[in-house]
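Visitor: All residue numbers for the sequence shown refer to numbering that gives the first Met the number 0, where the first residue is 0 and numbers rise by one.
The structure follows.
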Amino acid sequence: MSSKYKALQWKNMSLRTTILIAICLQNTFYTLLRKYSTKYEQVSSTEILFLAEIIKIVVATWFTLTSTEPSDAEGIGIYKLIWLIKHSFKMFLLAAIYGAMNILSFVALEYIGAGEFTICAQLKILTTAGFSVLILGTSLSNTKWRALALLVLGCTLVASPSFPAESSSEASAFQLLGYGAVLTEVSLSGFASIYFEKVVKSTTEVVTIWERNFQLGLYSLFMYGGILIYESSKTTNRVPWSNWST
């Protein structure tokens, strides 16, 4: 094995490790920020998600219009965006699932700790594997099933100490609600991954990741916008778009 090949292999390994660490840090900080907002700030989670989708659409639109990657999207400029909107219906279900997952994550973090949430969120590996077997007919080795069983055991051990023996029935009910929300979220995450694999990737249509994010962002924006209109129609003492950190 030549020294040049070893250097290339080491470079690829370092890049993968860097990306993995960056993703772990991003998920950790994002979870902590959501936990902080639900505990110390009286803000609307829908407003946070709505603003995040606006940012995502702006970034995705810029990359969509400037990218040179191969794509079946026809036209240039605004005509390319119109083509993407006309051919985006298959992303509607995916956007609805992601929207429900985001809302459930705020519900879960309101009633359980950020640590428990992060550990339980790793169960999406189990749900993705399960839906892969059920929908795609994937076959998993005994080693992989044992690894998944250990994952479930680890999540159970982490979650069990958070249930004090003498806690009130109301507190226990809220904790169960939080764990139910995060478990529903990981189940939806597993299904969304397989849906994307089976329905979206199985087509012959070539669409870049930025174009897919543009399509997802549009549906999400309308969905969160509808929820905001509903929330504003309710009689509450809270002023919309208030209590944000400065």
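Even for Gly, the Cβ is constructed at its ideal location relative to N, Cα and C.
Please read all numbers here as calculations on a predicted model, not as lab measurements.
Relative to the alpha-carbon of Gln152, which residue among Leu139, Cys119, Val181 has its alpha-carbon at the smallest distance?
Guide: The sequence shown places Leu at residue 152, not Gln. The shortest Cα separation from Leu152 among Leu139, Cys119, Val181 belongs to Cys119.
Visitor: I believe Val181 touches Ala107 by the beta-carbon criterion, under 8 Å. Please report the beta-carbon distance rounded to the nearest angstrom.
Guide: Confirmed, Cβ separation roughly 4 Å.
Visitor: Can the beta-carbon of Leu93 be found closer than 8 Å to that of Tyr29?
Guide: For Leu93 and Tyr29, no; Cβs fall outside 8 Å.
Visitor: Can you grab the Cα-Cα spacing for the pair Leu19 / Ile75, in whole Å?
Guide: Distance between the alpha carbons of Leu19 and Ile75 is about 35 Å.
Visitor: Which one of Leu133, Leu176, Tyr35, Glu73 has the shortest CA to CA distance from His86?
Guide: If we check each option's Cα against that of His86, Glu73 comes out closest.
Visitor: Buried or exposed for Ala128, going by 16 or more other Cβ atoms inside 10 Å?
Guide: With 16 or more other Cβ atoms within 10 Å, it is buried.
Visitor: How would you call Lys33, buried or exposed, if buried means at least 16 neighbouring beta carbons within 10 angstroms?
Guide: First, the amino acid is wrong: residue 33 is Arg here, not Lys. Looking at its Cβ environment, which holds 16 or more other Cβ atoms inside 10 Å, Arg33 is buried.
Visitor: In or out: Gln214 buried (at least 16 other Cβ within 10 Å) or exposed?
Guide: Counting Cβ neighbours within 10 Å, Gln214 comes out buried, since at least 16 surround it.
Visitor: Which residue from Ser232, Thr203, Thr183 puts its Cα closest to that of Pro69?
Guide: The option with the nearest alpha carbon to Pro69 is Thr203.
Visitor: Which residue marks the beginning of the alpha helix (DSSP H) containing Lys123, and which one marks its end?
Guide: Segment 123-130, the alpha helix (DSSP H) holding Lys123.
Visitor: With DSSP run on the structure shown, which of helix, strand or coil describes Ala72?
Guide: In this structure, Ala72 counts as coil in the three-state DSSP scheme.
Visitor: Relative to the C-alpha of Ile54, which residue among Gly225, Ile84, Tyr78, Trp209 is closest?
Guide: Of the candidates Gly225, Ile84, Tyr78, Trp209, the one whose C-alpha sits nearest the C-alpha of Ile54 is Trp209.
Visitor: Please report how far the alpha carbon of Met12 lies from the alpha carbon of Thr126, in whole angstroms.
Guide: Those two C-alpha atoms are separated by around 28 Å.
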